[in-house]
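Participant: First, the structure itself, so that you have it in front of you.
Residue numbers (the UniProt record's numbering): 1 to 636.
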């Protein structure tokens with residue numbers, strides 16, 4: 001297997017595998033430690049070993065205090081841009097530190113101490129960032145639950161984390177509607193067996209709420225009192241291996257999986273990634289268009305850019321409809337952002353509304369250098385459209401909630417490798433990515449299999465699940481001994497590039513042929529009238545499974561849906577041949593998605609197969625599933 005020689009990537013990655021302790025010890029020099037590690041990697045601790053064993057550190061100090069002391073006090077740290085309230089708020093590093101010190105002192109007044117859990121059930125507002133950093137400052141373990149999550153789902157997370165304190169708000173904002181958080185929070189606490197001792201509620205002017213006497217406290221009052229009294233909590237030293245946060249992912253058993261992130265490894269990997277992967281320098285303006293409810297928001301709205309000394313944009317709005325498909329370009333232009341990290345689905349929405357890119361040309365994007373995509377597979381037609389319109393590199397990269405940062409990407413800071421559309425490029429330092437068969441044996445280049453990561457994984461990857469070591473081993477380590485199971489399927493090509501073609505359950509078996517739904521989606525998306533698509537396998541009595549494609553057409557398409565459906569069926573037959581058995585394409589107005597933009601393929605499949613299904617907790621708009629059911633009538 002050959003790696004295309006460009007920049008320093010090859011030597012850097014090779015060294016990280018040959019001498020991992022030396023590599024990460026060097027990277028760790030970028031972090032301010034209270035006490036250095038006694039052992040860079042200790043294989044005898046935890047489920048597969050732990051990084052920076054014995055080191056003492058504080059994440060908040062590295063994100064704020066050291067920058068204030070080191071000359072960045074007056075630089076903007078956090079820039080909150082809300083198209084939903086038509087406001088822009090800026091916090092310098094010094095201002096953000098003052099807010100965090102005060103809130104951390106308030107938390108200590110409520111008895112919150114190192115190791116206690118705190119849940120955040122918050123909208124995309126600066127106070128959420130302040131609360132996360134305040135937890136990190138005093139060694140409390142935060143767990144952010146996506147604002148507006150169903151009460152039952154929030155209750156399950158309260159029961160698992162057992163928080164002493166919950167931060168929330170009166171409401172969240174969506175285009176054209178207000179989502180009341182307080183009734184959901186009240187119901188979740190009623191359902192939960194574990195009860196928080198107190199809740200701190202941010203009253204938003206768009207919709208206030210009644211506070212529950214004895215339990216709820218007004219955020220603004222507590223903040224004002226603490227600041228007037230000059231309260232400022234100092235940083236609490238924690239072990240590098242102590243948990244920084246818990247982030248829940250849905251579990252197949254109905255019990256959520258609490259991904260644990262530690263302090264030391266997280267600091268080192270995120271600091272390394274900001275320049276070496278993303279090419280962003282301290283002092284530059286960086287925008288991650290995610291939500292703090294997701295791992296991407298944790299890593300690259302809050303921690304990564306602040307640890308690095310950059311300016312981070314926090315955006316409350318949508319890619320389209322707030323007010324139009326030019327919203328992203330307005331933010332980049334106005335704030336002089338050098339890079340944007342968002343999900344492919346955001347660009348598909350923009351492309352659907354503005355296929356000619358006319359709105360792009362209304363804005364000065366001269367500061368903008370790079371677009372990064374992740375969250376789901378970036379289909380080549382979308383990447384090509386973005387390249388043509390923006391005239392900057394469009395970099396797909398691949399990672400997971402569990403890893404906390406990139407598994408495979410294109411390292412801008414080390415010297416970009418040639419882009420191959422459809423591939424997130426190559427493994428990052430510390431990751432040995434293999435493709436294996438069912439017996440955990442590596443398969444030849446170009447052969448489809450399960451994508452796995454050789455243990456130990458690099459710093460920042462999850463060491464375990466919250467209070468569920470056995471479940472962690474069963475879910476991630478048992479199927480392929482010596483490896484972490486990503487649950488993604490794909491292959492590596494002759495140049496070492498990784499190709500992620502879908503989740504392992506998205507590889508369908510059509511009459512004995514293993515076919516990738518991702519490959520079919522790539523073909524459908526290449527049709528000039530298709531804005532977005534999803535392919536999944538549905539039950540078939542003869543072939544076991546057959547592929548079914550769902551299409552969302554671009555705005556202004558004049559052809560009938562029937563004509564487009566026939567054309568994409570012919571296109572797949574032409575590109576893949578009759579073995580794909582692709583005969584069914586269905587046009588829909590929109591696809592059901594999570595709030596992070598991932599298409600709910602599993603739920604669509606259950607509806608198509610006539611199986612029982614439950615409403616996904618993360619769904620953006622439940623009505624879309626009714627529309628899918630109506631579209632399927634008479635078709636399957």
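Virtual Cβ for every residue (Gly too), placed ideally from N, Cα, C.
Please classify residue 252 as buried or exposed, where buried requires at least 16 other C-beta atoms within 10 Å of its C-beta.
Facilitator: Position 252 of the chain shown, counted from the start, is the residue given in the question as residue 252. Unreliable placement is indicated for residue 252, whose pLDDT of 49 sits below 50; the coordinate value is still reported in the next sentence. Under this definition residue 252 is an exposed residue.
Participant: Helix, strand or coil for residue 638, going by three-state DSSP, please let me know.
Facilitator: Only positions 1 to 636 of the chain appear in the structure, and residue 638 is not among them; the question remains open.
Participant: Please go through the same chain and pick out, in chain order, the residues whose beta-carbon is closer than 6 Å to the beta-carbon of residue 387, but skip the five residues on each side of it.
Facilitator: Within the chain shown, numbered from 1, the residue matching residue 387 stands at position 387. Only 394 meet the Cβ criterion.
Participant: In this structure, does DSSP put residue 600 in helix, strand or coil?
Facilitator: To locate residue 600, count along the chain shown from 1; it is residue 600. Three-state DSSP puts residue 600 in coil, outside helix and strand.
Participant: I need the boundaries of the beta strand (DSSP E) containing residue 80, first residue and last residue.
Facilitator: Translated into positions along the chain shown, residue 80 becomes position 80. Taken as a continuous stretch (DSSP letters only), the beta strand (DSSP E) holding residue 80 covers 76-82.
Participant: Is residue 111 helix, strand or coil when you go by DSSP?
Facilitator: Counting from 1 along the chain shown, the entry for residue 111 is found at position 111. Correct three-state label for residue 111: coil.
Participant: Between the beta-carbon of residue 451 and the beta-carbon of residue 488, is there less than 7 Å?
Facilitator: Mapped onto the chain shown, residue 451 falls at position 451. Mapped onto the chain shown, residue 488 falls at position 488. Cβ atoms of residue 451 and residue 488: closer than 7 Å.
Participant: Cutting at 8 Å between CB atoms, please list the residues of its own chain near residue 380, excluding the five before and the five after it.
Facilitator: Taking the chain shown and counting its residues from 1, the one referred to as residue 380 is at position 380. Cβ within range, chain order: 421, 422, 522, 525, 526.
Participant: Determine the DSSP secondary structure at residue 532, reduced to helix, strand or coil.
Facilitator: Along the chain shown, read from residue 1 onward, the residue named residue 532 stands at position 532. Residue state, collapsed to three classes: strand.
Participant: Consult DSSP for residue 316 and reduce its assignment to one of helix, strand or coil.
Facilitator: The residue you call residue 316 lines up with position 316 of the chain shown. Looking at residue 316 - three-state DSSP - the assignment turns out to be strand.
Participant: Assuming residue 220 is part of the alpha helix (DSSP H), what are its boundary residues?
Facilitator: Here residue 220 corresponds to residue number 220 of the chain shown, with the count starting at 1. Unbroken alpha helix (DSSP H) run through residue 220: 219-228.
Participant: Looking at residue 147 and residue 123, is the spacing between their C-beta atoms short of 7 Å?
Facilitator: Within the chain shown, numbered from 1, the residue matching residue 123 stands at position 123. Within the chain shown, numbered from 1, the residue matching residue 147 stands at position 147. Yes.
Participant: Could you tell me the distance, in whole angstroms, from the CA atom of residue 111 to the CA atom of residue 198?
Facilitator: As a working note, residue 111 is residue 111 in the chain shown. As a working note, residue 198 is residue 198 in the chain shown. Rounded to whole angstroms, residue 111 to residue 198 spans 10 Å at the Cα level.
Participant: Can you name the residues that DSSP bridges to residue 481?
Facilitator: Within the chain shown, residue 481 is the residue found at index 481, counting from 1. Paired residue(s): none; residue 481 is not in a bridge.
Participant: When the distance is taken between beta carbons, is residue 240 closer than 7 Å to residue 263?
Facilitator: Working through the chain shown from its first residue, we reach residue 263 at position 263. Working through the chain shown from its first residue, we reach residue 240 at position 240. The answer is yes: Cβ separation under 7 Å.
Participant: Going along the chain, which residues of its own chain have a beta-carbon closer than 8 Å to the beta-carbon of residue 464, five neighbours each way excluded?
Facilitator: Numbered from 1 along the chain shown, position 464 holds the residue referred to as residue 464. Cβ neighbours of residue 464 beyond the five flanking positions: 46, 47, 260, 472.
Participant: Just list the residues that DSSP pairs residue 180 with in beta bridges.
Facilitator: For the purposes of this step, residue 180 is taken as residue 180 along the chain shown, with counting starting at 1. Bridge partners of residue 180: 171.
Participant: Evaluate residue 492 with the Cβ neighbour count: other Cβ atoms within 10 Å of its Cβ, from every protein chain shown; 16 or more gives buried, anything less gives exposed.
Facilitator: Translated into the one-based positions of the chain shown, residue 492 becomes position 492. Its Cβ being crowded by 16 or more others within 10 Å, residue 492 is buried.
Participant: If residue 458 and residue 429 are in contact, beta carbons under 8 Å, what's the gap, nearest whole angstrom?
Facilitator: Locating residue 458 in the chain shown gives position 458, where the first residue counts as 1. Locating residue 429 in the chain shown gives position 429, where the first residue counts as 1. Right, their Cβ atoms sit about 7 Å apart.
Participant: What is the C-beta distance between residue 584 and residue 564, in whole angstroms, given that I count them as a contact (C-beta under 8 Å)?
Facilitator: As a working mapping, residue 584 is identified with position 584 in the chain shown. As a working mapping, residue 564 is identified with position 564 in the chain shown. Not quite, the Cβ-Cβ distance comes to about 13 Å (not below 8 Å), so this is no contact.
Participant: Alpha helix (DSSP H) containing residue 519: first to last residue?
Facilitator: Start at 1 with the first residue of the chain shown, and residue 519 comes out as number 519. Where residue 519 is concerned, the enclosing alpha helix (DSSP H) stretches over 517-525.
Participant: With distances taken between CB atoms, is the gap from residue 307 to residue 77 smaller than 7 Å?
Facilitator: Reading the chain shown from its first residue, position 307 is the one you call residue 307. Reading the chain shown from its first residue, position 77 is the one you call residue 77. No, these two residues do not count as a Cβ contact at 7 Å.
Participant: To the nearest angstrom, report how far apart residue 141 and residue 52 are at their CA atoms.
Facilitator: As a working note, residue 141 is residue 141 in the chain shown. As a working note, residue 52 is residue 52 in the chain shown. Between residue 141 and residue 52, the C-alpha separation is close to 19 Å.
Participant: Is it buried or exposed, residue 190, if we count other Cβ atoms within 10 angstroms and call 16 or more buried?
Facilitator: Indexing the chain shown from 1 puts residue 190 at position 190. Counting Cβ neighbours within 10 Å, residue 190 comes out exposed, since fewer than 16 surround it.
Participant: Are the beta-carbon atoms of residue 537 and residue 377 separated by less than 7 Å?
Facilitator: Indexing the chain shown from 1 puts residue 537 at position 537. Indexing the chain shown from 1 puts residue 377 at position 377. Contact: no.
Participant: Any beta-carbon of chain D closer than 7 Å to the one on residue 604?
Facilitator: Considering every chain present, this structure includes no chain D. It has just one protein chain.
Participant: Bridge partners for residue 668 per DSSP, in chain order?
Facilitator: This structure does not reach residue 668, given that the chain is present from 1 up to 636, and the question cannot be answered.
Participant: What's the gap between the Cα of residue 330 and the Cα of residue 290?
Facilitator: Translated into the one-based positions of the chain shown, residue 330 becomes position 330. Translated into the one-based positions of the chain shown, residue 290 becomes position 290. When rounded, the distance between both Cα atoms is 17 Å.
Participant: For residue 87, does the count of other Cβ atoms within 10 angstroms reach 16, so buried, or fall short, so exposed?
Facilitator: Sequence index remark: in the chain shown, residue 87 carries index 87 (1-based). Exposed, since its Cβ has fewer than 16 Cβ neighbours within 10 Å.
Participant: Can you tell me whether residue 355 is helix, strand or coil according to DSSP?
Facilitator: Taking the first residue of the chain shown as 1, we reach residue 355 at position 355. DSSP places residue 355 in coil when its eight states are reduced to three.
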